[in-house]
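Visitor: A single structure is presented below for examination.
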Amino acid sequence: LGQIKMTAGLIAEMAPKIQDDLDAVFVKVGENRDDYFKPSADAPDTCAATPYDGLEVVRGMILSGGLPLIVDADELAKANELAREHANIDASLTGSAGLAGLRRLIKSKLVQQGERCGILFTGARESKCDLPAIPDKIVTLTAEDDLSKLTD
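Counting in the working numbering, the sequence shown runs from 2 upward without gaps.
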């Protein structure tokens with residue numbers, strides 16, 4: 002993952018110089034989204050079978066210096082459980098992928114104590130009322146917080 006992180010930074014640095022080429026690729030992929038973002042033939046039937054927002058995620062990742070991570074269904078479920086129990090965020094399973102990825106980065110020592118990270122929790126579980134599910138709080142971890150709590 003360390004080499005991938007370094008390469009991602011270099012790509013983001015080059016992005017302004019090759020913006021027209023990147024835009025052409027993003028347009029082509031957008032016009033043929035189903036050809037590029039689909040589960041593999043042997044993918045198990047899980048909560049994260051198809052990346053419906055894959056193009057937007059990849060575009061943001063490339064332009065920001067982000068890197069791809071793969072987490073399994075158990076890691077998604079654990080992240081979702083942590084979001085619900087500790088932050089009162091009722092995101093969908095795939096909506097907890099950001100936290101699952103952060104947990105993987107911490108375990109891989111690519112995120113260090115005191116670093117600033119942002120996580121988006123998206124998608125809501127089915128609600129039993131007609132009101133939209135909008136989290137009413139933002140959880141902030143400071144440099145003093147123990148990141149190991151996210152990986153336990």
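Built from N, CA and C at the ideal position, the CB exists for glycine as well. Please read these numbers as outputs of a predicted model, since none were measured by experiment.
How close, in whole Å, do the beta carbons of ILE90 and PHE122 come, if the pair is a contact with beta carbons under 8 Å?
Guide: Here residue 90 corresponds to residue number 89 of the sequence shown, with the count starting at 1. Here residue 122 corresponds to residue number 121 of the sequence shown, with the count starting at 1. Indeed they touch by this definition, with Cβ atoms about 5 Å apart.
Visitor: Can you list the alpha helix (DSSP H) stretches of 4 or more residues lying completely in the stretch 44-93, in chain order?
Guide: Here the runs fully enclosed are 55-65 and 74-88.
Visitor: Please classify ASN34: does DSSP put it in a helix, a strand, or coil?
Guide: Counting from one through the sequence shown, the residue named residue 34 turns up at place 33. Residue identity check: residue 34 is Arg in the sequence provided, not Asn. Looking at ARG34 - three-state DSSP - the assignment turns out to be helix.
Visitor: Which class does ALA16 belong to by DSSP, given the choice of helix, strand or coil?
Guide: In the sequence shown, the residue the question calls residue 16 occupies position 15. Correct three-state label for ALA16: helix.
Visitor: Whole angstroms is fine: what's the gap from ALA98's alpha carbon to ASP21's?
Guide: Residue numbering aside, residue 98 sits at position 97 when the sequence shown is read from its first letter. Residue numbering aside, residue 21 sits at position 20 when the sequence shown is read from its first letter. Their Cα atoms are separated by approximately 30 Å.
Visitor: Measure the alpha-carbon distance for GLN113 versus ILE107 and round it to whole angstroms.
Guide: The sequence position of residue 113 within the sequence shown is 112, counting from 1. The sequence position of residue 107 within the sequence shown is 106, counting from 1. One C-alpha to the other measures close to 7 Å.
Visitor: What number of angstroms, rounded off, separates the C-alpha of ARG105 from the C-alpha of LYS18?
Guide: The count along the sequence shown starts at 1 and reaches residue 105 at position 104. The count along the sequence shown starts at 1 and reaches residue 18 at position 17. Each residue's Cα considered, the two are about 31 Å apart.
Visitor: Quick check on PHE27: does DSSP put it in helix, strand or coil?
Guide: Locating residue 27 in the sequence shown gives position 26, where the first residue counts as 1. In this structure, PHE27 counts as helix in the three-state DSSP scheme.
Visitor: For ARG105, which of helix, strand or coil comes out of DSSP?
Guide: As a first step, residue 105 must be located in the sequence shown, where it is residue number 104. Of the three classes helix, strand and coil, the one that applies to ARG105 here is helix, per DSSP.
Visitor: Once you ignore the five residues that flank ILE139 on each side, which residues in its own chain have a CB closer than 6 Å to its CB?
Guide: Against the sequence shown, residue 139 aligns to sequence position 138. Its pLDDT being 46, under 50, ILE139 is placed unreliably in this model, and the value from its coordinates should be taken loosely. Excluding residues within five positions, none has a Cβ falling inside 6 Å.
Visitor: What does the alpha-carbon distance come out to for the pair GLY55 and GLY31?
Guide: Taking the sequence shown and counting its residues from 1, one reaches residue 55 at position 54. Taking the sequence shown and counting its residues from 1, one reaches residue 31 at position 30. When rounded, the distance between both Cα atoms is 10 Å.
Visitor: Could you pull out every residue in the same chain whose Cβ sits closer than 7 Å to the Cβ of ARG34, ignoring the five residues on either side in sequence?
Guide: Translated into positions along the sequence shown, residue 34 becomes position 33. The answer, listed in chain order, is LEU56.
Visitor: Can you give the beta carbon distance from GLU76 to ALA101, rounded, assuming they're within the 8 Å contact cut?
Guide: On the sequence shown, residue 76 is found 75 positions in, with the first residue counted as 1. On the sequence shown, residue 101 is found 100 positions in, with the first residue counted as 1. Going by Cβ atoms, the distance from GLU76 to ALA101 rounds to 5 Å, so yes, they are a contact pair.
Visitor: Alpha carbon to alpha carbon, how far is VAL72 from VAL59?
Guide: Residue mapping note: residue 72 aligns to position 71 of the sequence shown, counting from 1. Residue mapping note: residue 59 aligns to position 58 of the sequence shown, counting from 1. Whole-angstrom Cα-Cα distance: 16 Å.
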